Every structure is written in structure tokens, then in C-alpha cells.
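Engineer:
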Amino acid sequence: MLELHNDNGAVIASNDNWQDAQAAQITASGLAPSDQREAAIFATLPAGNYTAVVRGAHDTAGVALVEVYSVGQ
């Protein structure tokens with residue numbers, strides 16, 4: 028599970044399996060994960076501070092790699 032929080036701590040986007048939501052946008056970006064179980068969020072954000080929170084399946088612990096890209100429009 029991937030959550031994106033704004034500077035007030037509110038969840039502004041979340042995703043578990045990237046093909047469940049935003050599949051067209053993520054695929055069109057050319058950055059789609061190879062595994063459908065991976066989480067991905069495509070978001071247009073104003074300048075500011077954001078926090079990505081990653082959780083394992085069923086709130087388990089693990090290791091995560093979070094990547095952020097600027098995608099030309």
C-alpha cells in the first residue's frame with residue numbers, strides 16, 4: 028500500500044495494486060511497474076512538502092523503494 032500525504036498529514040492519494048486505478052495514466056508515462064501487485068500513484072502536485080507512506084500487505088513490515096519522477100506533459 029502506498030499513500031501520499033500533504034503537508035497537513037491528510038491522505039491525498041493511495042494505491043495498492045497499480046492497475047486498480049490510474050492504469051492508463053501510469054502506462055502512458057512509460058514508468059509502469061512490471062508487477063501488477065506493485066503500488067504506483069500518478070499525481071500533479073503544486074509545490075510543497077509531501078510524505079509517501081509505504082506498508083506491506085496486511086500491514087506487514089518490509090523494505091520499500093520510493094521513486095519520484097517529473098513527467099513532461
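For the sequence shown, the working numbering begins at 28 and goes up steadily by one.
All residues carry an ideal CB built from backbone N, CA and C; glycine is no exception.
These figures come from a predicted structure and were not determined experimentally.
Could you give the first and the last residue of the continuous beta strand (DSSP E) run that contains alanine 84?
Structural biologist: From DSSP, alanine 84 is part of no beta strand (DSSP E); its letter is neither H nor E.
Engineer: Sorted by chain position, which residues of the same chain lie with C-beta nearer than 7 angstroms to isoleucine 53's C-beta, five sequence neighbours on each side aside?
Structural biologist: Once the five neighbours on either side are set aside, the close Cβ partners of isoleucine 53 are Trp45, Ala59, Ala67 and Phe69.
Engineer: With 16 as the cutoff for other CB atoms within 10 Å, does asparagine 35 come out buried or exposed?
Structural biologist: With fewer than 16 Cβ atoms within 10 Å of its Cβ, asparagine 35 is classed as exposed.
Engineer: Tell me the start and end of each unbroken alpha helix (DSSP H) in the stretch 29-74 that is at least 4 residues and wholly inside, in chain order.
Structural biologist: Here the runs fully enclosed are 50-55.
Engineer: Within 10 angstroms of its Cβ, does asparagine 76 collect 16 or more other Cβ (buried), or is it exposed?
Structural biologist: So asparagine 76 counts as exposed.
Engineer: Just to check my reading of the structure: valine 81 and leucine 29 have Cβ atoms closer than 8 angstroms, yes? What is that Cβ distance to the nearest angstrom?
Structural biologist: Correct: roughly 6 angstroms between the Cβ atoms.
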